[in-house]
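Chains as they are written, first to last, in my numbering: chain A, 9 to 589; chain B, -16 to 142.
Glycine residues also receive a C-beta, built at the ideal position from the N, C-alpha and C atoms.
Fair warning: this is a prediction, and the values are worked out from it, not measured in the lab.
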């Protein structure tokens, strides 16, 4: 891939982000503008911003990689990411806006009238936000490394700097513009190359991708294995090796490997003749594969359970993601919040028609990516692989720009919401120090922590972190929001017990899986996909403890429920722009 | 309010709180009395028991809409993993997950948004004018009003 074009593309995305952010800075004048864009963002603009924020690098790069390696069943990820918004719409959207709160912590405090519940919610918001920021920064490093060969911490640092700068300078108003721009950039960056690639694929005789059999290499292919892998062979394989296989060193010798498992040392090059069958990467609990490995290998005979675990986590987890929830406060009223969500569903759904396509094309034209462990790069390398030449370079640069927009927009939204909570609930504050300057300090903290963790723990698998964020959110904030909005008997002790037990057990389960406590079997599956049991656990705990503490029902419950559900015409809560006139 | 909405309103039939109790005649459709507030609205403002009953009735109709939408989602998407686990042709998986799911999700969302907004309009009409509907209201069938027409007042009648 031509580095010059890629660097130019990434640079222009960064510059455009800073420029549009600066534009927003001129408009964003009051504290209210800063946090919630004064609640005057129109549905079309707000919906593009929400979609831009939501479509992270896991969507832009990761889904195609997953499909390439594991086949179309991985399309459950985008379906779940989309349907999560539907669940959010029908259960939460309008009441959440009408609650008048800014963060999930505000909601917890307003509904439960408890400072302790607020603090617990704040901890969870920051935790989930950091869990989600970490893979964004690491993914940016990976992408920049693939594109330009820069060391892997450069990309993360670049994203962190740009995001901190934009958010700290312009707040919500400016990132609304930035993210709306980035949605359209991401859609264009995926759509335009897809049309060219499809045309080329059609001109090539429209070969079919096969997922039920090992991929067959079309051309002479040299695969350089980055990290040490185990490969499984079903039939003898003839391959030219430079490096070390099964602890035997070779220098460009052609060997025939017997069926069975083989150990290929990192740095080894394997040259395959055209028509060779690509060896499959053998599952190994400890090797990090990036997004392209679902939370835990889905092929261990418990795939159906894992699928339902994924469905529950994504369907119910979306509503509790801090950067998603914060966005609803920028709508002028509850009805606009609903209509905005409807537009979001359209925009997100349109986007998700594309990544699967790249996955299928990748399986045909670049199947060896599954072996090298860089399947996440499939989207980026396909134009070069299929089209080549100047056109391939230009389209590859466009995709690189889109990928970077994905990192920037999601990281901005997460930083915004984490910084908001840090400002209000975590940082020590005197009455005078609250305000914009305090918020800027929090922004720095919000990005610095995951950046530092990312540098130290350089091999945290990103898929785990993203899936973990969804599972924790589904088991903690989903029960809080749903019961808080629809159930009058929720009490602060009940809510806190549910948050702790539901969210805590989901977190513990996935951490235990990562630590390798249950390497295989049902115990492994249950812990790797906790949502199936941790979501009911969270709900049940909240309900039972609330029923056991009936005296602790907040006295203001009827009033707050009325505010959550009554249309603004009746409550008299005038939209912000009318109040200012 | 557009003429289109006014025309739609007059076609629907709903048993309302006020008409079911029969404590006063159904007011004329237009113009709405703006000030002073009609009784239902002040009940809500002052948080009386009756006011809470109004809120509950709105919550119930909104929850019904939400659960219907979720039910549709569960019915349409829930069995898919089981179906796709059968030895199905790969094309089917691509069609269902790669494309088919999105229009379904959007259609359910669209239905819900329209339904929820209608519930709110009916409720606003009820508390602002004393009647959710300005057309023909049937007094006899209190509590058994058709579910599909957003019968916001029925909860209070049952008490």
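Beta-bridge pairing of residue i - partner residues as DSSP gives them
i              : result
residue 270(A) : 239(A)
residue 279(A) : 230(A), 248(A)
residue 343(A) : The partner list for residue 343(A) (beta bridge, DSSP) is empty, contrary to what the question assumes.
residue 253(A) : 256(A), 272(A)
residue 263(A) : 247(A)
residue 98(B)  : Answer by DSSP bridge pairing: none, since residue 98(B) is not bridged.
residue 289(A) : 239(A)
residue 332(A) : Beta-bridge pairing links residue 332(A) to no other residue.
residue 77(A)  : Paired residue(s): none; residue 77(A) is not in a bridge.
residue 224(A) : 285(A)
Cutoff 6 Å; reference residue i; Cβ partners in own chain excluding five residues on either side
i              : result
residue 122(A) : 500
residue 17(A)  : 405, 408, 409
residue 517(A) : 535, 538
residue 474(A) : 66, 143
residue 342(A) : 102, 105, 106
residue 281(A) : none
residue 382(A) : none
residue 308(A) : In this predicted model, residue 308(A) has a pLDDT of only 45, less than 50, meaning its place in the structure is not dependable; the value taken from the coordinates is given anyway. For residue 308(A), where only same-chain residues beyond five positions count, there are no Cβ hits under 6 Å.
residue 71(A)  : 85, 86, 363
Close beta carbons around residue i, own chain, < 7 Å, minus the five adjacent residues each side
i              : result
residue 249(A) : 258, 261, 263, 276, 278
residue 461(A) : 142
residue 274(A) : 233, 234, 235, 236
residue 320(A) : 482, 539, 540, 543
residue 15(B)  : Any answer about residue 15(B) is weak, because its pLDDT of 48 lies below 50 and its placement is not dependable; what the coordinates show is given next. Correct list, in chain order: 111, 112.
residue 12(A)  : none
residue 377(A) : 76, 370, 383, 385, 386
Neighbourhood of residue i by C-beta distance below 8 Å, restricted to the same chain and skipping five residues each side
i              : result
residue 579(A) : 106, 570, 571
residue 109(A) : 115, 117, 118, 337
residue 173(A) : 26, 29
residue 214(A) : none
residue 566(A) : 496
residue 452(A) : 172, 176
Rounded distance between the beta-carbons of residue j and residue i, thought under 8 Å
i              : j              : result
residue 51(A)  : residue 351(A) : 6 Å
residue 88(A)  : residue 418(A) : Not confirmed; about 17 Å, so no contact.
residue 549(A) : residue 506(A) : 4 Å
residue 435(A) : residue 449(A) : 7 Å
residue 150(A) : residue 384(A) : 7 Å
residue 148(A) : residue 133(A) : The pair is not a contact, with the Cβ atoms about 23 Å apart (cut-off 8 Å).
residue 15(A)  : residue 156(A) : 6 Å
residue 68(B)  : residue 318(A) : About 14 Å separates the two Cβ atoms, so there is no contact after all.
residue 316(A) : residue 64(B)  : 6 Å
Spatially closest choice to residue i from the options, by CA coordinates
i              : options                        : result
residue 485(A) : 423(A), 371(A), 128(A), 458(A) : 128(A)
residue 104(A) : 330(A), 186(A), 65(A)          : 330(A)
residue 513(A) : 476(A), 490(A), 529(A)         : 476(A)
residue 479(A) : 495(A), 196(A), 546(A)         : 546(A)
residue 62(B)  : 84(B), 72(B), 41(B)            : 84(B)
residue 362(A) : 317(A), 54(A), 22(A), 68(A)    : 68(A)
residue 370(A) : 519(A), 333(A), 389(A)         : 389(A)
residue 21(A)  : 368(A), 190(A), 144(A), 243(A) : 190(A)
residue 90(A)  : 48(B), 55(B), 86(B)            : 86(B)
residue 54(A)  : 400(A), 346(A), 240(A)         : 346(A)
residue 77(A)  : 146(A), 196(A), 218(A)         : 218(A)
residue 96(A)  : 280(A), 239(A), 325(A)         : 325(A)
residue 82(A)  : 76(B), 101(B), 59(B), 55(B)    : 76(B)
residue 98(A)  : 58(B), 109(B), 98(B)           : 98(B)
residue 335(A) : 184(A), 555(A), 574(A), 146(A) : 184(A)
residue 414(A) : 332(A), 561(A), 192(A)         : 192(A)
residue 332(A) : 94(A), 492(A), 31(A)           : 94(A)
residue 560(A) : 575(A), 504(A), 64(A)          : 504(A)
residue 88(B)  : 358(A), 79(A), 113(A), 204(A)  : 358(A)
residue 74(B)  : 111(A), 554(A), 92(A), 79(A)   : 79(A)
Beta-carbon neighbours of residue i, restricted to chain C and to distances below 8 Å
i             : result
residue 84(A) : Of the protein chains in the structure, A and B, none is chain C.
Closer than 6 Å: residue i CB and nearest the ligand SAH heavy atom
i              : result
residue 561(A) : Although the ligand SAH was asked about, the structure shown includes no ligands whatsoever.
Listed in chain order, which residues of the segment 532 to 561 of chain A have Cβ atoms closer than 8 Å to some Cβ of chain B?
none
Can you pull out the residues from the segment 332 to 354 of chain A whose beta carbon lies closer than 9 Å to at least one beta carbon of chain B?
342, 343, 346, 347, 349, 350, 353, 354
Within 9 Å of chain A by C-beta, residues of the segment 55 to 67 of chain B in sequence order
56, 60, 61, 63, 64, 65, 67
In the segment 35 to 55 of chain B, which residues sit with their C-beta less than 8 Å from some C-beta in chain A, listed in chain order?
35, 38, 41, 42, 45, 46, 48, 49, 52, 53
Closer than 7 Å between beta carbons: that is the criterion. Which residues of the segment 68 to 92 of chain A meet it against chain B?
80, 81, 83, 84, 87, 90, 91
Interface residues of the segment 97 to 114 of chain B facing chain A [CB-CB below 9 Å]:
99, 100, 103, 104, 106, 107, 110, 111
For the segment 472 to 497 of chain A, enumerate the residues whose C-beta is nearer than 7 Å to any C-beta of chain B, in chain order.
494
Determine which residues of the segment 111 to 129 of chain A have a Cβ less than 8 Å from any Cβ of chain B, and write them out in chain order.
none
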